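Asker:
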Amino acid sequence: MKKMKKVLCILLALGMIAALAACGSAPKENQALNEIKKSGKLTVALSPDFSPMEFVDSSKEGQDSYVGFDVSLAKYLAEELGVQLEIQAMSFDACQTAVSSGSIPVSISGYSWTETRAENYELSDYYYAGDNETEQVLLIRAADAEKYTKPEDFDGVSVGAQNASLQMDLVTSQLPNAKAVTIGEIGVGVMELESGNIEALAVADGNGTQIIANHPGLVKCTWEFEVAEEFEANVILIHKGEKDLLDAINAALAKAYAEGYYDTWYQEALEIAESASSVEVSLAD
Ligand code: ARG
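Read in order, the letters of the sequence shown are residues 130 to 414 in our numbering.
1. Please state whether the Cβ-Cβ distance between Ala340 and Leu268 is less than 9 Å.
2. Label Ala203 either buried or exposed according to how many other C-beta atoms from any shown protein chain fall within 10 Å of its C-beta, with 16 as the threshold for buried.
3. Near Tyr195, which residues of its chain fall below 6 Å by C-beta distance, leaving aside the five closest residues on each side in sequence?
4. Any heavy atom of the ligand ARG closer than 8 Å to the Cβ of Met182?
5. Is the segment 315-329 touching the segment 277-294, taking contact as three or more C-beta pairs under 8 Å?
6. Alpha carbon to alpha carbon, how far is Leu162 from Ser154? Give it in angstroms, no decimals.
7. Alpha carbon to alpha carbon, how far is Lys308 from Glu355? Give it in angstroms, no decimals.
8. Following the continuous beta strand (DSSP E) through Asp282, name the residue where it begins and the one where it ends.
9. Roughly how many whole angstroms lie between the Cα atoms of Ala377 and Val235?
10. Contact between the segment 387-403 and the segment 181-194: three or more CB pairs below 8 Å?
11. Given the structure, does Asn363 come close to the ligand ARG, in the sense that its CB is under 8 Å from one of the ligand's heavy atoms?
12. Contact check, Ser253 vs Leu171 under 8 Å by CB: the rounded distance?
13. In chain order, what residues of the same chain have a beta carbon less than 8 Å from the beta carbon of Asn379, not counting five sequence neighbours either side?
14. If contacts are defined as beta-carbon pairs under 8 Å, then Phe179 and Ile315 qualify, I think. What distance do you get, rounded to the angstrom?
15. Would you kindly work out how many angstroms separate the C-alpha atoms of Tyr395 and Tyr257, rounded to a whole number?
16. As a quick exercise: from Val319, Glu361, Glu358, Ile365, pick the residue whose alpha carbon is nearest that of Leu347.
17. Is Gln339 near the ligand ARG, with its Cβ less than 8 Å from a heavy atom?
18. What do you reckon, is the C-beta of Gly259 under 8 Å from a heavy atom of the ligand ARG?
19. In terms of residues, what are the limits of the alpha helix (DSSP H) holding Val185?
20. Leaving out five residues on either side along the sequence, give the residues of the same chain with a beta carbon under 8 Å from the beta carbon of Glu358.
21. Which residue marks the beginning of the beta strand (DSSP E) containing Ser232, and which one marks its end?
22. If you draw a straight line from the alpha carbon of Ala290 to that of Phe221, how long is it in whole angstroms?
23. Could you give the DSSP three-state label for Asn292: helix, strand or coil?
24. Quick check on DSSP: helix, strand or coil for Val332?
25. On the CB-based measure, 16 or more other CB atoms within 10 Å of its CB, does Pro181 come out buried or exposed?
26. Take Asp260 and list the residues in its own chain whose beta-carbon comes closer than 6 Å to its own, dropping the five residues that flank it on each side.
27. Once you ignore the five residues that flank Tyr205 on each side, which residues in its own chain have a CB closer than 6 Å to its CB?
28. Along the beta strand (DSSP E) that carries Ala307, what are the first and last residues, could you check?
29. My output table needs one value for Asn363: the three-state DSSP class, helix, strand or coil.
30. Helix, strand or coil: how does DSSP classify Ala274 here?
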């Protein structure tokens with residue numbers, strides 16, 4: 130009996146230490162939402178080279194020049210949190226580095242769900258990706274349409290994909306004998322393809338359609354990547370451990386979905402993308 134009491138005491142003490150430790154570390158891990166509310170500002174990183182999800186309207190200036198589905202979503206999110214939105218535009222891999230280091234809490238930039246991202250970030254629930262995630266394709270020059278029709282045709286051939294993207298994973302896994310070329314900005318990749326520095330560029334299907342509309346010398350290769358179901362929607366990247374912010378974001382996503390905003394935002398994005406002032410930007414950072 131005495132022994133039991135002692136064990137119980139020790140257990141209780143251990144429990145208290147654990148509880149204290151949890152209290153001590155919880156605010157540190159989970160402070161982004163509080164900070165956003167306190168500062169009245171939500172900062173979102175994005176790489177505006179991915180029309181129609183995020184791109185630049187060159188007829189506008191500053192914050193107003195960032196447009197696209199994800200920008201509408203970011204604005205909605207800030208509104209739901211009751212704060213101002215500040216977009217910080219940077220390259221796609223820099224967006225991911227910023228959220229992983231915690232210098233920026235959130236990035237909305239057309240991210241597909243991937244295993245590595247699930248390990249390194251809090252990932253939101255899925256949201257609408259239009260025709261961007263259902264298919265992943267290769268852009269090639271129209272003159273090469275007959276030359277490249279199956280994976281083996283890319284053996285030893287330079288195939289570009291954006292740095293730190295799902296497309297780069299697909300190139301290295303499904304075209305293992307191609308020469309994978311890392312591209313910082315999608316717009317630069319398009320130039321490399323047109324000038325013959327690379328033979329193909331891996332892009333999301335909807336993004337490819339937008340690119341071809343502005344670059345009629347390019348076509349989609351008839352062969353497409355095989356894409357697992359879990360990649361077929363987009364997620365928001367949140368700094369690891371920021372569970373309160375994650376919950377708030379998921380609540381806003383559910384509300385946007387229920388209110389039927391996704392279709393409207395996508396149609397609006399397509400309309401702006403078709404206007405003459407939409408540009409593929411190249412960002413030096
Ligand atoms: N969906 C792809 C990925 O998750 C590409 C996203 C590219 N986004 C961008 N803003 N450039 O890697």
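Just so you know, even glycine gets a beta-carbon here, dropped at the ideal spot from N, CA and C. Every value quoted in this text rests on a predicted model; they were computed, and no experiment measured them.
Answerer: Taking the geometry as given:
1. For clarity, residue 340 is Ile in the given sequence; the question names Ala instead. A contact, by the Cβ cut-off of 9 Å.
2. buried
3. Pro177, Ile216
4. yes
5. yes
6. With a pLDDT of only 46 at Ser154, under the threshold of 50, the placement of this residue in the model should not be trusted, and no figure is reported.
7. 19 Å
8. No beta strand (DSSP E) holds Asp282; DSSP gives it neither H nor E.
9. 12 Å
10. yes
11. yes
12. Ser253 to Leu171, Cβ: 14 Å. No contact.
13. Ser253, Asp254
14. 6 Å
15. 9 Å
16. Val319
17. no
18. no
19. That residue, Val185, is in no alpha helix (DSSP H); its beta strand (DSSP E) goes 184-186.
20. none
21. Unbroken run through Ser232: none, as it is neither H nor E.
22. 12 Å
23. coil
24. strand
25. buried
26. Asp334, Gly335
27. Ala385
28. Careful: Ala307 lies outside any beta strand (DSSP E) and carries neither H nor E.
29. strand
30. coil
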